[in-house]
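If you use the numbering used here, the sequence shown corresponds to residues 17 to 427, in order.
Cβ atoms here follow ideal geometry from the backbone N, Cα and C, with glycine treated the same way.
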Amino acid sequence: MPGPSFRDTRAQAQSPSANSQQGPQAQTRQQSSSNQRGGGSSYADWHRRQSQTSGGLPGGRNTRPAWSLRMEYWSPEARPTRIRVIPPMFEYWGRWVERQGKKRFVLSNSHGGLRPAPDLLYYYERQEGNEQLAPYKSDAVTVAVLENFHVLKVPSKKDPKKGYDRLVRCGGADRRGVPTCEHCRANPMPPLVFGNRQHWSLSSNMRAQLDDALAGLHNRCASCLRGAIQVYAYKCPECSEMLADHYNADLRPDEEQEATLKSEDVECQHCNKTVRAVEVIECLEDLGGGSVRPGCDAPQRGQVPADPLYGYDLQIAMREIGNNAKELVIVGFEPAQKYDIAANKLQPYNFLDFFGHMTLAEQSEILGRPNIFGPEGEEELATFMASLRADTREGHERVDDDARDGESIPW
17 MPGPSFRDTR AQAQSPSANS QQGPQAQTRQ QSSSNQRGGG SSYADWHRRQ
67 SQTSGGLPGG RNTRPAWSLR MEYWSPEARP TRIRVIPPMF EYWGRWVERQ
117 GKKRFVLSNS HGGLRPAPDL LYYYERQEGN EQLAPYKSDA VTVAVLENFH
167 VLKVPSKKDP KKGYDRLVRC GGADRRGVPT CEHCRANPMP PLVFGNRQHW
217 SLSSNMRAQL DDALAGLHNR CASCLRGAIQ VYAYKCPECS EMLADHYNAD
267 LRPDEEQEAT LKSEDVECQH CNKTVRAVEV IECLEDLGGG SVRPGCDAPQ
317 RGQVPADPLY GYDLQIAMRE IGNNAKELVI VGFEPAQKYD IAANKLQPYN
367 FLDFFGHMTL AEQSEILGRP NIFGPEGEEE LATFMASLRA DTREGHERVD
417 DDARDGESIP W
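#1: What are the start and end residues of the beta strand (DSSP E) that includes ARG182?
#2: Note the first and the last residue of the continuous beta strand (DSSP E) segment covering GLU114.
#3: Which complete alpha helix (DSSP H) runs does the segment 348 to 404 hold, if anything under 4 residues is left out?
#4: Is the beta carbon of VAL247 closer than 8 Å to that of VAL294?
#5: Can you name the start and end residues of the beta strand (DSSP E) that ASP281 belongs to?
#6: Please classify ASN164: does DSSP put it in a helix, a strand, or coil?
#7: Look up ASN125 in the DSSP assignment and say whether it is helix, strand or coil.
#8: Do GLN353 and ASP329 come within 8 Å of each other at the CB atom, strictly closer than that value?
#9: Any idea if VAL433 is buried or exposed, counting beta-carbon neighbours within 10 angstroms, 16 or more meaning buried?
#10: Distance check for PRO81 and LYS177, CA to CA, integer angstroms please.
#11: So the alpha helix (DSSP H) ARG192 belongs to, where does it begin and stop?
#12: Quick one: what's got a C-beta closer than 7 Å to CYS240's C-beta in the same chain, skipping five residues either side?
#13: Grouping DSSP H, G and I as helix and E and B as strand, with all else coil, what is GLN214?
#14: Express the C-alpha separation of ASP175 and GLU395 in angstroms, rounding to a whole number.
#15: Do you know how far the Cα of VAL347 is from the Cα of ARG236?
#16: Count the other CB atoms within 10 Å of the CB of THR44; is the residue buried (16 or more) or exposed (fewer)?
#17: Which residue from ARG192, ASP281 and TYR326 puts its Cα closest to that of LYS251?
#18: Between which two residues does the alpha helix (DSSP H) containing ARG80 stretch?
#19: In angstroms with no decimal places, state the Cα-to-Cα distance between VAL209 and TYR355.
#20: Under the three-state reduction of DSSP, which class applies to GLU301: helix, strand or coil?
#21: Please report the straight-line C-alpha distance between LYS173 and ASP302, rounded to a whole angstrom.
#22: Are LEU130 and LEU383 touching if we call contact CB-CB under 8 Å?
#23: Is GLY428 helix, strand or coil by DSSP?
#24: Less than 8 Å between the beta carbons of MET222 and LEU344, yes or no?
#25: Do the segment 191 to 211 and the segment 154 to 169 touch if we need at least three Cβ pairs shorter than 8 Å?
#26: Name the DSSP bridge partner or partners of GLY338?
#27: Let me check understanding here. Comparing Cα to Cα, which of GLY318, ARG292, ARG317 and ILE337 lies closest to GLY306?
#28: Opposite PRO171 in the DSSP bridges: which residues?
#29: Rounded to whole angstroms, how far is the Cβ of ASP155 from the Cβ of MET87, which I believe are closer than 8 Å?
#30: Along the beta strand (DSSP E) that carries ARG292, what are the first and last residues, could you check?
#31: Measuring CA to CA, which of LEU233, SER380 and LEU376 is closest to PRO351?
#32: Helix, strand or coil for LEU73? Go by DSSP, reduced to three states.
#33: Please classify GLY188 as buried or exposed, where buried requires at least 16 other C-beta atoms within 10 Å of its C-beta.
#34: Give the DSSP-derived three-state secondary structure of GLN319 in the structure shown.
#35: When you compare the CB positions of ASN212 and LYS361, do they come within less than 8 Å of one another, or not?
#36: Given a threshold of 16 other Cβ atoms within 10 Å of its Cβ, counted over all protein chains shown, does CYS186 qualify as buried or as exposed?
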């Protein structure tokens, strides 16, 4: 007997009786649903695409399954890592689900009800009123990890003669040049390669931390790239005497006085001339927890673009801030440098192929719940994904046509 269509089950899941069990998070998603154009695709075509997912250049093909490409993730650690973020950002929805003592990630095909695609995660969240199944939004982006990696040979469990290569970041050496990396000390040492391509998933909280860290670059000291620029005094450009000084109790300005010094001409109390005060800056290093220490002796403001996320090489780390909490920090940045690195490691992933959707069969297996949509649901999902791919290709072709048009305005 054919299973229900997504439209039937969606209407059932959003009935008044089902909505009454839901929290505000699920109801908010329902209020902002979006529509996608339909397309055409057979179930056989969809099944072939599942066995040949693309993780390389846009439009490229390889035989790696989607779950394998999802494993190529990168996340910040305490040790600073130099990366280059490669656009674009890709939005996806999902949820970590625990079953039989194991946690696995389930993608939400409908983005929590915002897209008309068959989705067991969303269906059972609504039917059961289970907030533990409520998907959340994340952003994925490609990063080129600009560090040294060892190439380790990992044998297959089924056939020891076969296996695959795994890249593991080199641990480097200490200040005396003594290797701290276990692979560097091995005999023979596994081969070294520079650079690796991975993807970085940012939750809403991580994305906010990244945005705050990028905004902080505008106050980063351009001389040492570690400290932050802080204005501690204001002086007269005519006589060079101090008009205000936070380190001098007699000249310490209040908020109103400092706002005036920043935006208006003032009369110098030393030479009696009307002048625009000159800021006196210092470099301070943030140690976390509200502690700072003096930075370099040559503080200088840098010229940071409005959006330094792209086109820059960033050194990113996670820093302890107490109570088992961590925050993302940018410990270094510079315009993108030229490296001897394979070109494909600087190309974006085709995220649509492995973060765009998850088969209903895989959703069912992870959730431990039946696929109420049946084979027809898989075909409906394939049709929806085909329309997304067609829209994506059409968008790329429009961009290429505009680029070829010599009279196009480049914005």
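Let me spell this out:
#1: Numbered from 1 along the sequence shown, position 166 holds the residue referred to as residue 182. Where ARG182 is concerned, the enclosing beta strand (DSSP E) stretches over 179 to 185.
#2: As a first step, residue 114 is located in the sequence shown; it is residue number 98 there, counting from the start. Looking at the DSSP string, the run of the beta strand (DSSP E) that includes GLU114 is 97 to 115.
#3: 376 to 383
#4: Residue numbering aside, residue 294 sits at position 278 when the sequence shown is read from its first letter. Residue numbering aside, residue 247 sits at position 231 when the sequence shown is read from its first letter. The answer is no: Cβ separation not under 8 Å.
#5: Within the sequence shown, the letter at position 265 stands for residue 281. Run containing ASP281: 281 to 283, per the beta strand (DSSP E) assignment.
#6: Reading the sequence shown from its first residue, position 148 is the one you call residue 164. Looking at ASN164 - three-state DSSP - the assignment turns out to be strand.
#7: Taking the sequence shown and counting its residues from 1, the one referred to as residue 125 is at position 109. Correct three-state label for ASN125: coil.
#8: By one-based count along the sequence shown, residue 329 stands at place 313. By one-based count along the sequence shown, residue 353 stands at place 337. Result yes, Cβ atoms of ASP329 and GLN353 sit closer than 8 Å.
#9: This structure leaves residue 433 out entirely; the chain is present only between 17 and 427.
#10: Here residue 177 corresponds to residue number 161 of the sequence shown, with the count starting at 1. Here residue 81 corresponds to residue number 65 of the sequence shown, with the count starting at 1. Those two C-alpha atoms are separated by around 22 Å.
#11: For this step, residue 192 is matched to residue 176 along the sequence shown. That residue, ARG192, is in no alpha helix (DSSP H); it is neither H nor E in DSSP.
#12: Here residue 240 refers to the residue found at position 224 when the sequence shown is read from its first residue. Once the five neighbours on either side are set aside, the close Cβ partners of CYS240 are CYS299, GLY311 and CYS312.
#13: The residue given as residue 214 occupies position 198 in the sequence shown. Looking at GLN214 - three-state DSSP - the assignment turns out to be strand.
#14: Taking the first residue of the sequence shown as position 1, residue 395 is located at position 379. Taking the first residue of the sequence shown as position 1, residue 175 is located at position 159. Distance from the CA of GLU395 to the CA of ASP175, rounded to the nearest whole angstrom, comes to 35 Å.
#15: Here residue 236 refers to the residue found at position 220 of the sequence shown. Here residue 347 refers to the residue found at position 331 of the sequence shown. If you take the alpha carbons of ARG236 and VAL347, they lie about 10 Å apart.
#16: As a position in the sequence shown, residue 44 is number 28, starting the count at 1. Since pLDDT at THR44 reaches only 40, below the 50 mark, its modelled position is unreliable, and the value read off the structure follows with that caveat. That one is exposed.
#17: Working through the sequence shown from its first residue, we reach residue 251 at position 235. Just measuring C-alpha positions, the residue of ARG192, ASP281 and TYR326 sitting nearest LYS251 is ASP281.
#18: To locate residue 80, count along the sequence shown from 1; it is residue 64. Where ARG80 is concerned, there is no enclosing alpha helix (DSSP H), given that its DSSP letter is neither H nor E.
#19: The residue labelled residue 209 in the question sits at position 193 within the sequence shown. The residue labelled residue 355 in the question sits at position 339 within the sequence shown. Our two residues, VAL209 and TYR355, have alpha carbons roughly 12 Å apart in a direct line.
#20: Here residue 301 refers to the residue found at position 285 when the sequence shown is read from its first residue. Looking at GLU301 - three-state DSSP - the assignment turns out to be strand.
#21: For the purposes of this step, residue 173 is taken as residue 157 along the sequence shown, with counting starting at 1. For the purposes of this step, residue 302 is taken as residue 286 along the sequence shown, with counting starting at 1. Cα to Cα, LYS173 sits roughly 48 Å from ASP302.
#22: Your numbering for residue 130 matches position 114 in the sequence shown. Your numbering for residue 383 matches position 367 in the sequence shown. No, they are not a contact pair.
#23: Past the edges of the chain, shown from 17 to 427, lies residue 428, and the structure says nothing about it.
#24: What you label residue 222 is simply residue 206 of the sequence shown in a count that begins at 1. What you label residue 344 is simply residue 328 of the sequence shown in a count that begins at 1. Yes, the pair counts as a contact, with Cβ atoms nearer than the cut-off.
#25: yes
#26: What you label residue 338 is simply residue 322 of the sequence shown in a count that begins at 1. BP columns for GLY338 point to ALA341.
#27: As a working mapping, residue 306 is identified with position 290 in the sequence shown. Among GLY318, ARG292, ARG317 and ILE337, the Cα nearest to that of GLY306 is on ILE337.
#28: Counting from one through the sequence shown, the residue named residue 171 turns up at place 155. DSSP, once it has assigned bridges, lists GLY179 as partnering PRO171.
#29: Translated into the one-based positions of the sequence shown, residue 155 becomes position 139. Translated into the one-based positions of the sequence shown, residue 87 becomes position 71. MET87 and ASP155 do not touch by the CB rule: their CB atoms are close to 18 Å apart, not below 8 Å.
#30: Translated into positions along the sequence shown, residue 292 becomes position 276. Run containing ARG292: 290 to 292, per the beta strand (DSSP E) assignment.
#31: For the purposes of this step, residue 351 is taken as the residue at position 335 of the sequence shown. Checking every option, the nearest Cα to that of PRO351 belongs to LEU233.
#32: Residue numbering aside, residue 73 sits at position 57 when the sequence shown is read from its first letter. Caution applies to LEU73, whose pLDDT of 35 falls short of 50 and renders its modelled position unreliable; the model cannot decide the point.
#33: If you number the sequence shown from 1, residue 188 lands on position 172. When all chains shown are included, GLY188 counts as exposed.
#34: One-based indexing of the sequence shown puts residue 319 at position 303. The answer is coil: DSSP assigns GLN319 none of H, G, I, E or B.
#35: Here residue 212 corresponds to residue number 196 of the sequence shown, with the count starting at 1. Here residue 361 corresponds to residue number 345 of the sequence shown, with the count starting at 1. Remark: C-beta atoms of ASN212 and LYS361 approach each other more closely than 8 Å.
#36: In the sequence shown, residue 186 corresponds to position 170, counting from 1. Buried, because 16 or more other Cβ atoms sit within 10 Å of the Cβ of CYS186.
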